[in-house]
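Novice:
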Amino acid sequence: LAKTTQPISMDSYEGQEVNITCSHNNIATNDYITWYQQFPSQGPRFIIQGYKTKVTNEVASLFIPADRKSSTLSLPRVSLSDTAVYYCLVVPRFQGAQKLVFGQGTRLTINP
Amino acid sequence: DAMVIQNPRYQVTQFGKPVTLSCSQTLNHNVMYWYQQKSSQAPKLLFHYYDKDFNNEADTPDNFQSRRPNTSFCFLDIRSPGLGDAAMYLCATSRVGGDEQFFGPGTRLTVL
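Protein sequence lines, in the order shown, are assigned to chains W and S.
Take the first sequence: its letters are residues 214 to 325, numbered as in the numbering used here.
Take the second sequence: its letters are residues 22 to 133, numbered as in the numbering used here.
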């Protein structure tokens, strides 16, 4: 499974756009890039998944360059409630079970 | 609402005393997973069930067992808990070929 590298921590302010970059140099052809969010004392929550170019949903955008060796999670206009740990994962797209291998994650702190 | 439920939310046990954690789901997903998350660490997959087929991770200690009596329920048994087994235990589900895993709120295990 491809290993991911992301910043350990980031700080921002309410109303700002936050971009968290993840590198995954050894990503395989059938791997998808997936992001999860985890609040303290809760289970992780799926945010977004993509294969290439750009994906957008009601929560975030995911930018993936053509070589797919990195990706950027973009959170528009963050609020205090976006303070959490964000995990970037590379997940093989098989028709079976997903074996998620979590890296260290990025601890995002949003300040007033 | 369809969801993943874990009981109890907090469990205290004594060193060496067997303990069982339970997970139920109303999503009717084929796959159920158990993760261990120690303080300030990322979740780590212990094992998963694909329908009735049990799949153990290579580095999961023998002390950890699991049962899935039906689609809705899955149990994590820790036969002889040690102090190092104190952690949050997370249950998750996914459908075959799905994009995401749905996590429960976790059970925080304390070993005295």
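Built from N, CA and C at the ideal position, the CB exists for glycine as well.
Just the chain S side, please: which residues come within less than 7 Å of L313 of chain W by C-beta, in chain order?
Specialist: The residue given as residue 313 of chain W occupies position 100 in the first sequence. Correct list: L66 and Q122.
Novice: Given that V132 of chain S touches chain W, what residues does it touch there, using C-beta distances under 8 Å?
Specialist: Position 111 of the second sequence, counted from the start, is the residue given in the question as residue 132 of chain S. Contact annotation for V132 of chain S against chain W: no contact, minimum CB-CB distance about 18 Å [criterion: below 8 Å].
Novice: Does V33 of chain S have its Cβ less than 7 Å from a Cβ in chain W?
Specialist: To locate residue 33 of chain S, count along the second sequence from 1; it is residue 12. Not closer than 7 Å to any Cβ of chain W, the Cβ of V33 of chain S fails to qualify, so no.
Novice: Would you say P305 of chain W reaches chain S, if we count a Cβ-Cβ gap shorter than 7 Å as a contact?
Specialist: Residue mapping note: residue 305 of chain W aligns to position 92 of the first sequence, counting from 1. By this cut-off, P305 of chain W is not an interface position.
Novice: Go to F96 of chain S, then tell me how far its beta strand (DSSP E) extends in each direction, as first and last residue.
Specialist: Walking along the second sequence from the start, residue 96 of chain S turns up at place 75. F96 of chain S -> beta strand (DSSP E) spans F94 to I99.
Novice: Mind checking which residues open and close the beta strand (DSSP E) that includes S287 of chain W?
Specialist: The count along the first sequence starts at 1 and reaches residue 287 of chain W at position 74. From DSSP, the beta strand (DSSP E) with S287 of chain W extends over S283 to L288.
Novice: Let me check understanding here. Comparing Cα to Cα, which of S:C112, S:V117, S:S115 and S:P102 lies closest to P82 of chain S?
Specialist: Locating residue 82 of chain S in the second sequence gives position 61, where the first residue counts as 1. The residue with the shortest Cα to Cα distance from P82 of chain S is S:P102.
Novice: Measuring only the C-alpha atoms, how far is K267 of chain W from I246 of chain W?
Specialist: Against the first sequence, residue 267 of chain W aligns to sequence position 54. Against the first sequence, residue 246 of chain W aligns to sequence position 33. Spanning the two alpha carbons is a distance of roughly 11 Å.
Novice: Are Y249 of chain W and Y300 of chain W close, meaning C-beta to C-beta below 7 Å?
Specialist: Here residue 249 of chain W refers to the residue found at position 36 of the first sequence. Here residue 300 of chain W refers to the residue found at position 87 of the first sequence. It is a contact, given that the beta carbons lie within the stated cut-off.
Novice: Just list the residues that DSSP pairs I233 of chain W with in beta bridges.
Specialist: By 1-based counting over the first sequence, the position of residue 233 of chain W is 20. According to DSSP, which records beta bridges pairwise, I233 of chain W is partnered with W:L286.
Novice: Using a Cβ-Cβ cut-off of 8 Å (strictly less than) and excluding sequence neighbours within five positions of M53 of chain S, which residues of its own chain qualify?
Specialist: Within the second sequence, the letter at position 32 stands for residue 53 of chain S. For M53 of chain S, where only same-chain residues beyond five positions count, the Cβ hits under 8 Å are C44, Q46, H69, Y70, R89, C95, C112, A113 and T114.
Novice: Check the Cβ-Cβ distances between A297 of chain W and every residue of chain S, and say whether any is below 7 Å.
Specialist: For this step, residue 297 of chain W is matched to residue 84 along the first sequence. No, no contact with chain S.
Novice: With distance defined between alpha-carbon atoms, name the residue in W:S254, W:I221, W:N239 and W:I233 nearest to P305 of chain W.
Specialist: Here residue 305 of chain W corresponds to residue number 92 of the first sequence, with the count starting at 1. Considering only alpha carbons, the answer is W:N239.
Novice: Pick helix, strand or coil for G318 of chain W, following the three-state DSSP scheme.
Specialist: Locating residue 318 of chain W in the first sequence gives position 105, counting from the first residue. Coil, per DSSP.
Novice: So, helix, strand or coil for D72 of chain S, using DSSP?
Specialist: By 1-based counting over the second sequence, the position of residue 72 of chain S is 51. When secondary structure is reduced to three states using DSSP, D72 of chain S falls in the coil class, being assigned neither helix nor strand.
Novice: Between T220 of chain W and the rest of its own chain, which residues show a CB-CB distance below 6 Å, the 5 nearest in sequence each way excluded?
Specialist: Counted from its first residue, the first sequence places residue 220 of chain W at position 7. Residue identity check: residue 220 of chain W is Pro in the sequence provided, not Thr. Closer than 6 Å at the Cβ level, and outside the excluded window around P220 of chain W, lie T319.
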